[in-house]
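Q:
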Amino acid sequence: MKLTINNFTDALLQGDHAKSLSIVNKWRDNYTRFYIYNKLITPAMYEIGRRWQANEISVAQEHLATAVCDFVLTQTEHDLVRYSPAPEATPKALFFTVEDEHHYLGMKMVSILFREKQWNVKYYQSNLPVDHVMNEIVQWKPGVIGLSFSIVHRANGLTSYLKKFSELDYEPEILVGGRLMNQYDFSSIGPPNTTFIQNLEELDHWFNQYTENRRDDLDGDKDTTSII
Amino acid sequence: METKIPLPLFKIDKEFNILEFTGTAADFFPETESLYQIIDRDSHTKLKNCLINGDAALTFEINAKTKQEPLELFKVFAQWKGSEAFCVFVPANQDYHLVHKQLEDLQKRLSETNFELYEKKEQLSSAMDRTNRLSGPYIELSDTLALLPIFGDLSEEKIKAIQDNAIQKAYDNKPERVLVDFTGVGVVEDSGVLQLKDMVLVFKQMGMDVVVIGLSPAQARVLKPYRTELELDFERNAKVSIKKWLVKEYL
Chain C
0 MKLTINNFTD
10 ALLQGDHAKS
20 LSIVNKWRDN
30 YTRFYIYNKL
40 ITPAMYEIGR
50 RWQANEISVA
60 QEHLATAVCD
70 FVLTQTEHDL
80 VRYSPAPEAT
90 PKALFFTVED
100 EHHYLGMKMV
110 SILFREKQWN
120 VKYYQSNLPV
130 DHVMNEIVQW
140 KPGVIGLSFS
150 IVHRANGLTS
160 YLKKFSELDY
170 EPEILVGGRL
180 MNQYDFSSIG
190 PPNTTFIQNL
200 EELDHWFNQY
210 TENRRDDLDG
220 DKDTTSII
Chain B
0 METKIPLPLF
10 KIDKEFNILE
20 FTGTAADFFP
30 ETESLYQIID
40 RDSHTKLKNC
50 LINGDAALTF
60 EINAKTKQEP
70 LELFKVFAQW
80 KGSEAFCVFV
90 PANQDYHLVH
100 KQLEDLQKRL
110 SETNFELYEK
120 KEQLSSAMDR
130 TNRLSGPYIE
140 LSDTLALLPI
150 FGDLSEEKIK
160 AIQDNAIQKA
170 YDNKPERVLV
180 DFTGVGVVED
190 SGVLQLKDMV
200 LVFKQMGMDV
210 VVIGLSPAQA
220 RVLKPYRTEL
230 ELDFERNAKV
240 SIKKWLVKEY
250 L
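Protein sequences appear in the order of chains C and B.
Numbering that gives the first Met the number 0 applies: residue 0 is where the first sequence begins, and numbers increase by one.
Numbering that gives the first Met the number 0 applies: residue 0 is where the second sequence begins, and numbers increase by one.
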């Protein structure tokens, strides 16, 4: 069996669960989740988008591929479920895609990567009304809120989300991601604690910054020190 | 151009300016001069590539802005005639949306089931562990005699689960002899025998004799190859051996 991105893309488009999963599992023998998400799954999904643009596949095939990819992602998360933190364990992160947004795979990958780093993660897939999200945030008080959107005409919606976040009685870190971050500059509309994430590499960079900045807090929490 | 056709139809020129359109087109889309304006921004390149580089007659999918929806999927059938093209916009079938919705629900259920299965597996293994720990109670019969009945199949996990408790109790009570009762044991696994051997060795090192009682013929056959390694005493059944050791003690 060939393990290239192209083979994986074809397996997704054919709806071949078993083959897609076994390709990912083979990669998993040698690579980290981050590497696989960044170098296999993301390029494959971009390739599928390109094929639709080139009129090679239909939206129905695209949806099928998304469903298979979702299944594969869920499997890569499986061994992380063992670590299930208490509801109030910190650090907490909440991820969701904006209302009516069906491009959720990116957000799902991000939420799994946070979980891998032993964050207490809540992840809401597709179609959660704004009020529900806000209620959850007010009650659970996550330190990081991540959202993503991929469709241009929802950019206005983003502004209203960000406005709502700035009205919270505490200051969470806000991460905004999605395909459009590549093409448009949204940096003017976010409050100061907002970071726009274009791709998984930027997320990794953000992680390192975050850990660096919060090292003293983390040391305090764990009763360890980084001085010695 | 016939404007009564019951589908949105546009006649456009090379620059994609709309020259004519049907009544249905006016019902579906806001009135504009350029085809670009009813097509989603992300689909512009596709529209251009398909219409300009494609064959004379072609079919493709495109996202368009309608009066009702900011984004709706259409299948476009287009044909060039000289410098003009006819484009029919067929809305993606409602059935398709329904199927999409159902697919999504299914996915959600699958991932929930996945986690539920995992949780059940965890519950099951903790229940198994608990059962194992409870299936080898240490019972004090007298100052010199203790009984360790084993219940269920004799596996490595089972002996591991019961030995800590048994050895600790035996250490506290210091009997001369421990009777390991096999009456309640079903299948004897080889790995279980090896683990049993380790446990017996610990008892011996604490100065206690171990006597296995109540073996069934099938179990006896499995244990036979280990007979010398186990260095055990065997007795026929609980009644005989308990009588023997207790009578010895009290007479």
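Just so it is clear, CB atoms sit at the ideal spot from N, CA and C, and this is done for glycine as well.
Between the C-alpha atoms of L46(B) and Q78(B), what's the straight-line distance to the nearest angstrom?
A: Looking at the two C-alpha atoms, the distance is approximately 13 angstroms.
Q: On the criterion of 16 or more Cβ atoms from any shown chain inside 10 Å, does P29(B) qualify as buried, or is it exposed?
A: Label assigned to P29(B): exposed.
Q: For the segment 71-103 of chain B, which residues have a CB atom closer than 8 angstroms to at least one CB atom of chain C, in sequence order?
A: Taking 8 angstroms as the Cβ-Cβ cut-off against chain C, the residues of the segment 71-103 of chain B that qualify are L72, A91, Y95, H99, L102 and E103.
Q: Within the chosen definition, does the segment 80-96 of chain B reach the segment 118-127 of chain B through at least 3 CB pairs nearer than 8 angstroms?
A: At 8 angstroms Cβ cutoff, the stretches do not touch.
Q: Of all the options G22(B), I17(B) and A237(B), which has the alpha carbon lying nearest to the alpha carbon of K3(B)?
A: The option with the nearest alpha carbon to K3(B) is G22(B).
Q: Checking contacts by CB at 9 angstroms: is D69(C) closer than that to chain B?
A: Cβ-Cβ to chain B under 9 angstroms: yes for D69(C).
Q: Closer than 9 angstroms, CB to CB, is Y35(B) near chain C or not?
A: False, the Cβ-Cβ gap to chain C never drops below 9 angstroms.
Q: N92(B): buried (16+ other C-beta within 10 angstroms of its C-beta) or exposed?
A: So N92(B) ends up on the exposed side.
Q: Judging by CA-CA distance, which residue of S147(C), P141(C) and A88(C) is the nearest neighbour of M108(C)?
A: Of the listed residues, the one whose Cα sits closest to M108(C) is S147(C).
Q: Tell me whether P42(C) sits in a helix, a strand or coil according to DSSP, three-state version.
A: Correct three-state label for P42(C): helix.
Q: Do you know offhand how far E175(B)'s Cα is from K120(B)'s?
A: Approximately 42 angstroms between the Cα atoms of the pair.
Q: Threshold first: 4 residues or longer. Then list the alpha helix (DSSP H) segments lying entirely within the segment 151-238 of chain B, N to C.
A: Taking only runs of at least 4 residues, the alpha helix (DSSP H) segments lying wholly in the segment 151-238 of chain B are 155-172, 189-204, 216-222 and 226-229.
Q: Does the count of Cβ pairs from the segment 11-28 of chain C and the segment 45-63 of chain C closer than 8 angstroms reach three?
A: As far as the Cβ criterion goes, the segment 11-28 of chain C touches the segment 45-63 of chain C, which means the pair count is three or higher.
Q: For L195(B) and E155(B), what's the separation of their Cα atoms in angstroms?
A: Answer to the nearest angstrom: the Cα atoms are 8 angstroms apart.
Q: For P5(B) and V89(B), I'd like the C-alpha separation in whole angstroms.
A: Using only the alpha carbons, I get a separation of about 10 angstroms.
Q: What is the rounded straight-line gap between the Cα of I227(C) and the Cα of G151(B)?
A: Low local confidence applies: a pLDDT of 46 at I227(C) is under 50, so the model's placement there is unreliable, with the coordinate-based value given in what follows. One C-alpha to the other measures close to 54 angstroms.
Q: Please state the DSSP three-state secondary structure of S124(B).
A: In the structure shown, S124(B) sits in a helix (DSSP, three-state: H, G or I).
Q: Along the segment 4-30 of chain B, what residues have a CB closer than 9 angstroms to any CB found in chain A?
A: In the displayed structure, chain A is absent; the protein chains listed are C and B.
Q: Any beta-carbon of chain C closer than 9 angstroms to the one on L140(B)?
A: No, because no Cβ of chain C sits closer than 9 angstroms to the Cβ of L140(B).
Q: Just to make sure I have the definition right: I need the residues of chain B whose C-beta is within less than 7 angstroms of the C-beta of N207(C). Which are they?
A: Chain B residues near N207(C): none, gap ~30 angstroms exceeds 7 angstroms.
Q: Any residues in the segment 165-194 of chain B with a beta carbon nearer than 7 angstroms to a beta carbon of chain C? Which ones, in chain order?
A: Listed in sequence order: no entries.
Q: Rounded to a whole number of angstroms, what is the C-alpha to C-alpha distance between P148(B) and P224(B)?
A: If I take the Cα positions, the gap works out to 22 angstroms.
Q: Under 9 angstroms between beta-carbons, which chain C residues line up against K45(B)? List them in chain order, please.
A: The answer, in chain order, is W51, Q52, A53 and N54.
Q: Starting from W79(B), follow its DSSP beta bridges and name the residues at the other end.
A: Note: W79(B) sits in a beta bridge opposite A84(B).
Q: What does the Cβ neighbour count give for E100(C), buried or exposed, with the cut at 16 atoms within 10 Å?
A: Buried is the call here.
Q: Whole angstroms are fine: how far does the CA of L229(B) sit from the CA of V23(C)?
A: Each residue's Cα considered, the two are about 48 angstroms apart.
Q: For L93(C), which of Y122(C), V67(C) and F33(C) has the nearest alpha-carbon?
A: Here the closest residue by C-alpha is Y122(C).
Q: Considering only residues of the same chain and omitting the five flanking positions on each side of R50(C), which have a CB-CB separation below 6 angstroms?
A: Cβ within range, chain order: I56.
Q: If you reduce the DSSP assignment to three classes, tell me which class S159(C) lands in.
A: Residue state, collapsed to three classes: helix.
Q: Can you pull the chain B residues whose beta carbon is under 7 angstroms from the beta carbon of I150(C), in chain order?
A: Going along chain B in sequence order, the residues near I150(C) (Cβ under 7 angstroms) are L70.
Q: Mind pulling the beta strand (DSSP E) runs of 3 or more residues that sit fully within the segment 56-143 of chain C?
A: For the segment 56-143 of chain C, whole beta strand (DSSP E) runs of length 3 or above, ordered along the chain, are 91-96 and 119-123.
Q: Residues of chain B with CB under 7 angstroms from S57(C), in chain order?
A: By Cβ distance, chain B contributes E60.
Q: Tell me, please, which residues DSSP counts as bridged to T65(B).
A: The partner list for T65(B) (beta bridge, DSSP) is empty, contrary to what the question assumes.
Q: Would you verify that the beta carbon of D41(B) is, or is not, closer than 9 angstroms to some beta carbon of chain C?
A: Yes, D41(B) counts as interfacial toward chain C.
Q: Applying the criterion that 16 or more other CB atoms from any shown protein chain within 10 Å of the CB defines a buried residue, is P216(B) buried or exposed?
A: The residue in question, P216(B), is exposed, as its Cβ has fewer than 16 Cβ neighbours within 10 Å.
Q: Alpha carbon to alpha carbon, how far is W139(C) from D130(C)? Give it in angstroms, no decimals.
A: D130(C) and W139(C): Cα-Cα distance of roughly 14 angstroms.
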